[in-house]
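For reference, the structure discussed in these notes is given below.
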Amino acid sequence: MAVTTTRATDLGMHTEQLAGRTQQRFFRPEEQERFTHPQAFEVDFKKRAEFDVAAMTPSEVNLILRELMSQGVGTIVMKNPGAKHSLAVGILNRLNLTIEGSLGYFGCGLIDGPNIRIRGRVGWSCAENMLAGTVVIEKNAGSTFGAAIRGGDLVCKGDVGARVGIDMKGGTIIIGGRAGAFCGFMMQRGRMVILGDAGKNLGDSMYDGTIYVGGKIAGLGVDAVPAEMTDLDVQWLERKLKMYGLAAPRGVKNMHKISAGRQLWNYDNLEPAEKKLIL
Amino acid sequence: MLQSLKHRGPDSTGYALYGKPHGKELVIRLKVAEQDEMSKGFAIHAQVKERRAEIERRLGELGAKILEEQEATEYAFRLRISYDGDTRRLADYIEDVEGAEILSIGHGLELIKDLGDADRVASQYSLRGFVGTHAIGHTRMATESDVDIRSAHPYWAYPFADVSVVHNGQLTNYWKGRRALERRGHRFVSNCDSELIAVYLADKMTQGSTLKDAMKASIEELDGVFTYLVATADSLGMAKDVMAAKPMVLYESDRFIALASEEVAIRSIFPHEIDTFDPYEGDVRVWRNN
Chain G
4 MAVTTTRATD LGMHTEQLAG RTQQRFFRPE EQERFTHPQA FEVDFKKRAE
54 FDVAAMTPSE VNLILRELMS QGVGTIVMKN PGAKHSLAVG ILNRLNLTIE
104 GSLGYFGCGL IDGPNIRIRG RVGWSCAENM LAGTVVIEKN AGSTFGAAIR
154 GGDLVCKGDV GARVGIDMKG GTIIIGGRAG AFCGFMMQRG RMVILGDAGK
204 NLGDSMYDGT IYVGGKIAGL GVDAVPAEMT DLDVQWLERK LKMYGLAAPR
254 GVKNMHKISA GRQLWNYDNL EPAEKKLIL
Chain U
104 MLQSLKHRGP DSTGYALYGK PHGKELVIRL KVAEQDEMSK GFAIHAQVKE
154 RRAEIERRLG ELGAKILEEQ EATEYAFRLR ISYDGDTRRL ADYIEDVEGA
204 EILSIGHGLE LIKDLGDADR VASQYSLRGF VGTHAIGHTR MATESDVDIR
254 SAHPYWAYPF ADVSVVHNGQ LTNYWKGRRA LERRGHRFVS NCDSELIAVY
304 LADKMTQGST LKDAMKASIE ELDGVFTYLV ATADSLGMAK DVMAAKPMVL
354 YESDRFIALA SEEVAIRSIF PHEIDTFDPY EGDVRVWRNN
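Residue numbers (the working numbering), protein chains in the order written: chain G, 4 to 282; chain U, 104 to 393.
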């Protein structure tokens with residue numbers, strides 16, 4: 004396999020060779036093995052299966068999901084989840100999964116690619132560390148919804164608890180209703196859309212990313228500042244909300260836009276003594 | 104519901120059950136030894152009988168009439184008494200007996216807690232036939248104190264009749280709050296911050312606050328992260344701290360209120376699809392049994 008160098012490498016960066024378990028690997032699209040997960044399966048959406056999980060443990064449920072996907076089943080309906088914890092986690096391939104009921108804590112965590120629809124509610128930390136795909140929840144969600152999400156669309160059509168998108172690093176989170184305190188805490192990238200009211204300390208200590216709010220904001224956090232809505236924002240919001248059958252109560256143009264004030268940014272290699280000289 | 108939360112901690116389980124009050128009658132739930140003491144030493148079985156006899160004698164001395172006496176275990180008892188004197192005096196005098204600890208005194212409240220999971224404790228104390236209006240409960244994994252009945256939840260607000268609390272979280276101004284309440288004459292049976300919440304609320308109510316006002320004050324005056332449930336003879340309440348750091352899921356209908364740290368507990372009694380939600384930061388709710 005031909006390995007092309009990246010521009011960064013051409014410029015002399017990333018020349019270090021690390022060893023051992025902490026060996027660093029850089030992103031090269033041509034190195035396909037970097038993108039092949041051991042538990043990612045080729046599935047056919049036309050192959051369909053249903054199973055009832057009422058009497059199963061979370062481990063059993065996840066193993067059956069894996070078994071079905073390994074057989075190429077691409078459309079799965081899970082019945083009677085009973086708010087069990089940690090269901091449908093670690094799915095690393097495309098999949099149409101419908102969950103007929105509610106999930107407990109940590110549902111759909113660490114996923115990379117599936118399209119999941121949940122007919123009920125989800126508990127704390129749904130879709131934590133999600134990399135790609137879509138997760139759509141028809142009812143409400145608990146706190147730390149989409150914590151550290153890196154990509155994909157995470158949608159809750161109802162109300163959500165506190166700390167939505169804490170440590171968010173990418174992707175999109177959409178809340179159809181109200182959200183609690185500290186949403187977007189230490190957000191680093193991505194977009195969050197709250198169509199209802201947002202709790203206090205919204206966007207506290209956010210580094211980057213954008214938060215849109217359709218209702219009232221109880222209070223902004225440190226370094227979260229109002230920003231101007233642009234045509235691009237409006238177009239993006241209209242397109243995204245339409246995808247999930249949602250609408251801003253007072254219209255997209257009247258939503259609040261919040262971004263990082265960047266007063267907390269401190270990205271340099273200067274020693275404190277050197278900073279004093281410069282500042 | 105509690106058995107479905109066994110994974111949160113199987114060390115001990117407690118129930119605060121509220122039956123229908125019968126006039127001035129009081130129900131006392133008490134123990135005269137810890138469970139693990141019963142397997143240690145040769146004298147404990149005789150001592151338990153002596154302690155129980157002494158409690159009965161002291162009740163008679165205070166003018167309390169024992170209407171019914173049930174032995175839940177060798178070391179834990181249920182007494183239904185007729186008594187219209189000072190509850191604090193009664194409680195202090197009984198607890199003066201070596202090894203005696205009152206788990207609850209109430210017109211409606213009966214507090215049962217012991218080591219083991221919910222099924223075991225419910226069976227041990229024959230709780231399945233209990234008929235009442237509301238209840239709170241707790242499964243515990245011991246983290247900062249011993250695995251014993253004394254450290255198990257719920258906590259009764261000694262010596263206030265019918266007030267009990269379960270709590271998930273940590274109070275960071277526990278000792279400050281405890282010293283303030285001790286200066287007001289209250290005593291604590293444990294070093295658990297959950298007990299402080301119970302006594303704090305009961306103290307506020309004896310000063311004239313409603314339960315809801317007392318709970319709202321707790322949001323301001325108790326520091327730390329917490330979600331707690333409180334029950335009185337006719338009410339059930341929940342409060343969540345201003346950070347919303349501890350979980351609580353709520354189901355509310357015209358006929359039923361169900362709250363739990365995890366929805367899986369609610370689903371254990373409502374297997375069909377229902378609408379649940381998380382209360383928000385600083386939320387205080389009280390439901391009254393009509």
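Note that CB positions come from ideal geometry on N, CA and C, so glycine has one too.
Exposed is the label assigned to threonine 233 of chain G, since fewer than 16 other Cβ atoms lie within 10 Å of its Cβ. In the DSSP assignment, glycine 211 of chain U forms no beta bridge with any residue. Taking 8 Å as the Cβ-Cβ cut-off, the region 84-109 of chain G approaches chain U at Gly85, Ala86, Lys87, His88, Gly104, Ser105, Gly107 and Tyr108, given in chain order. Taking the Cβ atoms as the reference, isoleucine 176 of chain G lies roughly 12 Å from alanine 201 of chain G, outside the contact range of under 8 Å. Taking a cut-off of 8 Å for Cβ pairs, the region 320-340 of chain U and the region 296-305 of chain U touch, as three or more such pairs fall below it. At least one C-beta of chain G is nearer than 8 Å to the C-beta of proline 350 of chain U. In this structure, lysine 349 of chain U lies near glycine 272 of chain U, with their beta-carbon atoms less than 8 Å apart. Rounded to the nearest angstrom, the Cβ distance from methionine 72 of chain G to asparagine 96 of chain G is 6 Å, consistent with a contact under 8 Å. For threonine 213 of chain G, the enclosing beta strand (DSSP E) starts and ends at 213-216.
A Cβ-Cβ distance of about 6 Å is found for the pair aspartate 162 of chain G and phenylalanine 380 of chain U, placing them in contact under the 8 Å criterion. Around the beta carbon of asparagine 257 of chain G, fewer than 16 other beta carbons lie within 10 angstroms, which makes this residue exposed.
Of all residues in the region 126-150 of chain G, those with a C-beta nearer than 9 Å to a C-beta of chain U are Gly126, Trp127, Lys142, Asn143, Ala144, Gly145 and Ser146, reading in chain order. Excluding five sequence positions before and after glycine 340 of chain U, the CB atoms of its chain that fall closer than 8 Å to its own CB belong to Leu314, Lys315, Met318, Leu332, Val333, Ala334, Val387, Arg388, Val389 and Trp390, given in chain order. Taking 8 Å as the cut-off, the Cβ atoms of glycine 180 of chain G and leucine 198 of chain G count as close. The continuous beta strand (DSSP E) containing glutamate 128 of chain U extends over residues 128-134. Along the region 277-355 of chain U, the alpha helix (DSSP H) occurs as fully enclosed runs of 4 or more residues at 277-286, 296-309 and 314-324, listed in sequence order.
If you draw a 10 Å sphere on the C-beta of arginine 243 of chain U, you find 16 or more other C-beta atoms in it, and that means buried. No Cβ of chain G is located within less than 8 Å of the beta carbon of glutamate 323 of chain U. Within the region 210-225 of chain G, contact with chain U at the beta-carbon level (separation under 7 Å) is assigned to no residue. Looking at the backbone, the Cα of valine 130 of chain U and that of leucine 165 of chain U are separated by about 16 Å. Contact note: arginine 388 of chain U does not reach chain G at a C-beta cutoff of 7 Å; the least C-beta distance is about 15 Å. With distances taken between CA atoms, tryptophan 259 of chain U lies nearest to U:Ala238 out of U:Ala221, U:Arg183, U:Leu274 and U:Ala238.
Taking a Cβ-Cβ threshold of 9 Å, the residues of chain G close to alanine 347 of chain U are Ser146, Gly164, Ala165, Arg166, Gly183, Ala184, Phe185 and Gly202, in chain order.
Counting other Cβ atoms within 10 Å of its Cβ, glutamate 366 of chain U reaches 16 or more and is therefore classed as buried. Of all residues in the region 362-386 of chain U, the ones placed with a Cβ closer than 9 Å to any Cβ belonging to chain G are Glu365, Glu366, Val367, Ala368, Ile369, Arg370, Ser371, Pro374, Glu376, Ile377, Asp378, Thr379, Phe380, Asp381, Pro382, Tyr383, Glu384 and Gly385, in chain order.
Put simply, of U:Leu214, U:Glu153 and U:Asp195 the residue whose alpha carbon is nearest the alpha carbon of leucine 182 of chain U is U:Leu214. Counting other Cβ atoms within 10 Å of its Cβ, aspartate 47 of chain G stays below 16 and is therefore classed as exposed.
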